[in-house]
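Numbering follows full-length UniProt numbering, with no gaps: position 299 of the sequence shown is 299. Backbone N, C-alpha and C fix where the C-beta goes; we use that ideal spot for every residue, glycine too. For clarity, every value in this text was computed on a predicted model and none was experimentally measured.
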Amino acid sequence: MLAGKKILITGATGLVARTAAETLAEHNEVWCTGRFSDPETERRLKDRGIRTWRWDMAVDELGGLPDDFTHVLHAAVERGGSDFEEVVAVNSVATGRLMTHCRRAEAFLYVSTSAVYAPKAPDHRYTEGDPLGTVSAWLPTYPVGKLATEGAVRALAVTLGLPTTIARLNVAYGPHGHGGLPVILHRQMLAGNPIAVPHEEQHYCSPIHTDDIARHVPRLWAAARTPATVVNWGGDEVVGVRDLMTYISELTGVPVDFVPSDVTRAVVAFDDTRRRSIAGACTTSWRDGVRQALQAHFPGTVEAHPDREASHRDL
């Protein structure tokens with residue numbers, strides 16, 4: 001357990017870092033940066049004893065923010081739309097400012113993405129040594145920005161002597177923010193919209209619940225090195241997207257319609273060998289975690305269909 005540290009977290013109002021911030025605040029001094037466009041979210045963070053600092057990474061520098069943090073979790077991201085130049089500039093420059101400002105930290109953790117890998121067969125389990133690429137039909141700028149920022153992070157880790165871990169996150173999901181891929185796609189189902197899938201087979205992923213993300217963060221900090229440690233950050237189980245959404249349909253009673261398409265959310269599955277050696281196993285199975293996420297975002301949805309839930313308890 002990490003205790004008595006001064007921690008800075010970016011992106012804590014969203015899905016990935018919120019649970020980690022709340023968990024770490026129990027035994028540490030935690031600061032969170034963000035735009036805090038939702039006052040209620042900021043209030044809830046403060047109720048947990050978390051200090052907030054307004055930072056728009058697209059335009060703001062970090063003057064006035066303390067520079068004596070012992071640990072940094074950088075999860076904030078400018079996803080962008082169609083402007084590749086803006087996405088690369090905003091993410092890499094903001095990250096450079098952040099690492100330079102916090103150069104005295106014991107460890108820096110940058111949250112990257114599985115989308116930086118070059119496409120392979122749908123059932124391929126990616127290792128950290130697989131070829132990199134920047135192909136994403138559903139959000140083309142996203143992997144470009146992440147890969148460019150990985151380069152900046154690697155350079156500054158060495159230049160500043162700042163021990164760093166780059167964690168390439170798989171499909172994260174949980175009770176906060178947009179909820180992650182299962183919740184996003186379930187909203188499509190509720191709206192009566194089909195789920196785009198490949199013409200053949202299905203995409204596979206290694207979903208990870210935000211409770212496990214929170215558990216892993218201190219261990220990923222402990223693995224920080226110069227040059228930066230690179231690790232794939234996903235769950236223990238490999239799940240097909242069709243199988244995931246069929247399970248959600250059976251839990252909720254909402255029909256799911258799959259439509260073959262060339263434009264899909266092309267997730268990937270991980271070989272978890274290195275992650276297990278660094279952070280250990282996960283504790284939340286994907287079925288339990290997805291059910292919990294649905295209950296958080298759609299209260300009463302799963303409880304209304306207990307017979308459907310019970311039919312999967314032995315899977």
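First and last residue of the uninterrupted alpha helix (DSSP H) at residue 69: Counting along the chain, residue 69 falls outside any alpha helix (DSSP H), and DSSP gives it neither H nor E.
Contacts around residue 57, its chain only, beta-carbon distance under 7 Å, and the 5 residues preceding and following it disregarded: 76, 78, 90, 94
Name, in chain order, the residues that DSSP records as bridge partners for residue 132. 117
Which same chain residues end up closer than 6 Å to residue 171 when comparing Cβ atoms and leaving out the 5 residues on each side of it in sequence? 181, 205, 207, 267
Using only the alpha-carbon positions, how far apart do residue 82 and residue 142 sit? 9 Å
Contact check, residue 288 vs residue 236 under 8 Å by CB: the rounded distance? With 8 Å as the limit, residue 288 and residue 236 do not qualify as a contact, their Cβ atoms being about 12 Å apart.
Return the CA-CA distance between residue 46 and residue 199, expressed in angstroms with no decimal places. 47 Å
Buried or exposed (CB count within 10 angstroms, at least 16 for buried), residue 296: exposed
Endpoints, alpha helix (DSSP H) assigned at residue 221: 210-222
I'd like to know if the region 122-129 and the region 58-75 are in contact, where contact means that at least 3 CB-CB pairs between them fall below 8 Å. no
Could you tell me the boundaries of the alpha helix (DSSP H) in which residue 84 lies? 84-101
Quick check on the burial criterion: 16 or more other C-beta atoms within 10 angstroms. Buried or exposed for residue 255? exposed
Could you check if residue 184 is buried or exposed, using at least 16 other CB atoms within 10 Å of its CB as the buried criterion? exposed
Whose C-beta lies closer than 8 Å to the C-beta of residue 234 among residues of the same chain, with five residues either side of it excluded? 114, 169, 170, 171, 205, 206, 207, 208, 269, 270, 272, 275
Segment limits, beta strand (DSSP E) that includes residue 51: 51-54
Residues near residue 257 by beta carbon distance below 6 Å, same chain, minus five either side: 194
Taking residue 283 as the reference, give the member of 188, 108, 213 with the closest Cα. 213
Residue 191 burial status per 10 Å Cβ neighbour count (16 or more: buried): exposed
Three or more C-beta pairs below 8 Å linking the region 215-231 and the region 107-121: yes
Output the distance between the C-alpha atoms of residue 261 and residue 15, rounded to the nearest integer angstrom. 27 Å
Residue 124 versus residue 51 - alpha carbon distance: 42 Å
So, is residue 37 buried or exposed, given that buried needs 16 or more other C-beta atoms within 10 angstroms? exposed
DSSP three-state call for residue 8: helix, strand or coil? strand
For residue 34, which residues of its own chain have a beta-carbon under 6 Å away from its beta-carbon, when the five flanking residues on both sides are left out? 13
Below 6 Å CB to CB, which residues in the same chain sit around residue 148 once its five sequence neighbours on both sides are set aside? 88, 92
Which residue's Cα is closest to the Cα of residue 116: 301, 238, 140? 140
Between residue 304 and the rest of its own chain, which residues show a CB-CB distance below 6 Å, the 5 nearest in sequence each way excluded? Confidence is the limiting factor: at residue 304 the pLDDT is only 48, short of 50, which leaves the residue's position unreliable and the question unanswerable from this model.
Might you give, ordered along the chain, the residues of its own chain that have their beta carbon closer than 6 Å to the beta carbon of residue 229, omitting 5 neighbours on each side? 165, 223
From what residue to what residue does the beta strand (DSSP E) around residue 194 run? From DSSP, residue 194 is part of no beta strand (DSSP E); its letter is neither H nor E.
Pairwise C-alpha distance: residue 21 and residue 5: 13 Å
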